[in-house]
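Numbering (my numbering), first residue to last: 59 to 329.
For each residue, glycine too, the CB sits at the ideal point set by N, CA and C.
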């Protein structure tokens, strides 16, 4: 009898190779270890192994090896399930609001927010910049409020052209309070804070101080602060102070509340 030179000719090559099915090893699943016959519920995972607990409360660890378990009488390969990714948390801006989805540059609103000076504008940009860009609101420095009523009249606020003004040292009996009272347009909102300068609205703890130094009445506040702290260059001190401000938590509440009011007012739906 003549035999084929290929010893594999005696096997049916068309017969498919048996493939062991794979299953995620889920907590609560009942399986049997194929080698020992130990049957139990999956109660945990440890170092590439699965922990089974039988009906008597006994626990044993078994490696997650190929074809090592029986599931409903079928040999299977158990694999540890991939940890599900935690749901992405919405990004928060420095002001605490939910960041908007990036969009193309927008045409600026006709409405505006005015602040007293460049430092005020830089502080608003640092904390509320994302919100202002999302709402297409432009912030402009006034360099003082001595001519505020006339400036508001020239701006001519209206239903689609609202104006918000952030004023320093807006407390009863001050010059700032009298100027704010002289603005009577329903489409203009004057909001402020009690601090002499916007520097003072930054919490002193950001510089490791319990409170700001007291500047005698009648003395320029910025210069007085720098002198008390031994600072020769106010501009450099401001850059240092601004760099310590990361979110609205670093600012005093009256300033935060006033800025939020102004943004809400300027972006209110058109009447």
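Does the distance from the CB of residue i to the CB of residue j come in under 7 angstroms?
i           : j           : result
residue 220 : residue 169 : yes
residue 253 : residue 259 : yes
residue 110 : residue 118 : yes
residue 314 : residue 184 : no
residue 196 : residue 152 : no
residue 243 : residue 189 : no
residue 320 : residue 171 : yes
residue 204 : residue 261 : no
residue 112 : residue 95  : no
Ordered along the chain, which non-local residues of its own chain (more than five positions away) have a Cβ less than 6 angstroms from that of residue i?
i           : result
residue 286 : 271
residue 327 : none
residue 325 : 193
residue 182 : 197
residue 264 : 302, 308
residue 210 : 241, 246
residue 215 : 221, 243, 245, 246
residue 206 : 237
residue 88  : 99
residue 85  : 100
Can you check DSSP and say which residues form a bridge with residue i?
i           : result
residue 90  : 97, 128
residue 260 : 309
residue 254 : Answer is none; residue 254 lacks a bridge partner.
residue 102 : 109
residue 171 : 197, 222
residue 133 : 128
residue 82  : 137
residue 149 : Partner(s): none; residue 149 has no beta bridge.
In the DSSP assignment, find the beta strand (DSSP E) that holds residue i and state where it starts and stops.
i           : result
residue 250 : 246-250
residue 327 : Here residue 327 belongs to no beta strand (DSSP E), and DSSP marks it neither H nor E.
residue 121 : 117-121
Identify, in the order they occur along the chain, each residue of the same chain with its Cβ nearer than 7 angstroms to the Cβ of residue i, setting aside the five sequence neighbours on each side.
i           : result
residue 248 : 223, 225, 238, 241
residue 201 : 175
residue 102 : 109
residue 255 : 226, 279, 280
residue 179 : 173, 197, 199
residue 131 : none
residue 312 : 251, 252
residue 106 : 121, 122
residue 332 : In this structure the chain extends from 59 to 329, so residue 332 is not present and cannot be described.
residue 323 : 220, 222, 247
residue 316 : 224, 249, 250, 251
residue 284 : 292, 295
In the DSSP assignment, the alpha helix (DSSP H) including residue i goes from what residue to what residue?
i           : result
residue 236 : 233-239
residue 281 : 279-287
residue 274 : Note, residue 274: premise wrong, no alpha helix (DSSP H); not H, not E.
residue 166 : Counting along the chain, residue 166 falls outside any alpha helix (DSSP H), and DSSP gives it neither H nor E.
residue 302 : Premise fails: residue 302 is in no alpha helix (DSSP H) and is neither H nor E.
Enumerate in chain order the residues of its own chain whose CB-to-CB distance from residue i is below 8 angstroms, with the five nearest sequence positions on each side excluded.
i           : result
residue 82  : 136, 137, 138, 139
residue 92  : 125, 126, 127, 128, 133
residue 330 : There is no way to answer for residue 330, as the model of the chain reaches only from 59 to 329.
residue 274 : 282
residue 78  : 124, 125, 133, 134, 135
residue 104 : 119
Any beta-carbon of chain D closer than 7 angstroms to the one on residue i?
i           : result
residue 245 : Included in the structure is just one protein chain, with no chain D present.
Item to check | Continuous alpha helix (DSSP H) assignments of at least 4 residues falling wholly in the stretch 175-228 | outcome: Runs of alpha helix (DSSP H) with 4 or more residues, each lying fully within the stretch 175-228, are found at 176-192, 206-213, listed in chain order.
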